[in-house]
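Chemist: Please find one structure pasted underneath; my questions will follow.
2 protein chains.
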Amino acid sequence: MNSKSLVIKETDYAWSGVERKDYKTDGQNFKDIHRYTLLADEHPALNAQTRYFEMQPGGYSSLEYHRHPHSVIVIRGRGHVLLNNEINEISAFDVVYISPETIHQFHADEGEPLGFICIVDRYRDRPVVPSDAEIKRVIDSEEVLNKIKK
Amino acid sequence: MNSKSLVIKETDYAWSGVERKDYKTDGQNFKDIHRYTLLADEHPALNAQTRYFEMQPGGYSSLEYHRHPHSVIVIRGRGHVLLNNEINEISAFDVVYISPETIHQFHADEGEPLGFICIVDRYRDRPVVPSDAEIKRVIDSEEVLNKIKK
């Protein structure tokens, strides 16, 4: 527990005193990704959590959806994000809003890592890995279907 | 109102379709600062608001305190932040947690702008400009007192 104001210094996309962690999800549909939980429950006044996710070139996050929204700020590299039926190119310092129930997945480009800040509510539902039937119901773009990693 | 997922593209620390606004506070104790409200009330699912603040070289934000906390990620330049009795050097991509009631002020360095993302609760109290008596009660560092702009 720490309720005092503080500065967390960054060097090469690592933060002093913050543990680099493996990305963990219920599914196994992710590759070459790690995370830093920068500001979260150790500060009881915070209703939001601030995390940093980074995927190495060619890496990707889980394909998932959930009721809680994401506020994302890219701070490193390039890649794209699948948002239901859309593919969006992203690079530093683009902002992404992921609305409730949107099926989404982040991909780093082949040549560059992709790093972003992701803000979520402290109290939130667990992500769901969509079934093939759910994917088919929401997504009819062949281009998106070909991009999905699962 | 917009409840759809979206990407907001950035170019030179400006965001497509987002208005650059003047910084506004109850006091007049700020200089050379502007803001972009990136993600806020137009997305009803969001409990947090994501804003970008930038101060030009030598600029500074209001000296203030309030009950709600701030989660801050510096994304441009260099400067320092006053946190009660402490002066902290900051640069991209340092993270700052500002706890409730902390008297704080951001300053850009003379040679560089300072730009940061600041996350706040959607529903929050108004900032208070501390009186001289309040400043004296909290801050006894001569170094900090000399840095305060008001």
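Chains C and L, in that order, give the protein sequences.
Residues 15 to 164 in this note's numbering are what the first sequence spells out, letter by letter.
Residues 15 to 164 in this note's numbering are what the second sequence spells out, letter by letter.
Just so it is clear, CB atoms sit at the ideal spot from N, CA and C, and this is done for glycine as well.
All figures in this text were calculated on a predicted structure; none of them were measured in a lab.
#1: Mind checking if C:Ala122 is an interface residue toward chain L, Cβ cutoff 8 Å exclusive?
#2: Check the Cβ of C:Tyr111 against every Cβ in chain L and list those closer than 7 Å, keeping chain order.
#3: Using the beta-carbon of each residue, which ones in chain L are nearer than 8 Å to C:Pro83?
#4: Could you name the residues of the same chain whose beta carbon sits closer than 6 Å to that of C:Arg81, not counting the 5 residues immediately before and after it, in chain order?
#5: Which bits of chain C does L:Leu187 rub up against, with CB to CB less than 8 Å?
#6: For the region 123–154 of chain L, enumerate the residues whose C-beta is nearer than 7 Å to any C-beta of chain C, in chain order.
#7: Can you name, in chain order, every residue of its own chain whose Cβ lies under 7 Å from the Cβ of C:Val142, other than the five neighbours on each side?
#8: For the beta strand (DSSP E) containing L:Asn102, name the first residue and the last one.
#9: Let's see if you can read the secondary structure: which residues bound the alpha helix (DSSP H) around L:Arg92?
#10: By how many angstroms is the C-alpha of C:Leu159 removed from the C-alpha of C:Thr116?
#11: Measuring only between beta-carbons, confirm whether C:Ile101 sits less than 8 Å from chain L.
#12: 8 Å is my cut-off, CB to CB: does C:Ile104 come that close to chain L?
#13: Select from C:Lys38, C:Val21, C:Ser17, C:Tyr50 the residue whose C-alpha is nearest the C-alpha of C:Val32.
#14: Nearest to L:Val152 by CA position, among L:Ala28, L:Leu97, L:Asp36, L:Glu56, is which residue?
#15: Mind checking if C:Ile47 is an interface residue toward chain L, Cβ cutoff 8 Å exclusive?
#16: Should C:Leu77 be flagged as near chain L, meaning a C-beta pair shorter than 8 Å?
Modeler: Reading off the structure:
#1: Cβ-Cβ to chain L under 8 Å: no for C:Ala122.
#2: Ordered by position in chain L, the residues that pass the 7 Å Cβ test against C:Tyr111 are Ser19, Leu20, Leu53, His57.
#3: The contacting residues are His57, Ala59, Leu60.
#4: Around C:Arg81: Pro114, Asp139.
#5: Look at the range of chain L in this structure, 15 to 164, and you will see that residue 187 of chain L is not part of it.
#6: Result list: Ile131, Ile133, Asp135.
#7: So the qualifying residues of the chain are Glu78, Tyr79, His80.
#8: That run of the beta strand (DSSP E) goes 100–105.
#9: Where L:Arg92 is concerned, there is no enclosing alpha helix (DSSP H), although the beta strand (DSSP E) it sits in stretches over 84–97.
#10: Rounded to whole angstroms, C:Thr116 to C:Leu159 spans 15 Å at the Cα level.
#11: No, its Cβ sits nowhere closer than 8 Å to a Cβ of chain L.
#12: It does: the Cβ of C:Ile104 has a partner Cβ on chain L nearer than 8 Å.
#13: The residue from C:Lys38, C:Val21, C:Ser17, C:Tyr50 with its alpha-carbon nearest to that of C:Val32 is C:Tyr50.
#14: The candidate whose alpha carbon is nearest that of L:Val152 is L:Leu97.
#15: No, C:Ile47 does not count as interfacial toward chain L.
#16: Using a Cβ-Cβ cut-off of 8 Å, C:Leu77 does not count as an interface residue toward chain L, since no Cβ of chain L sits closer than that to its own.
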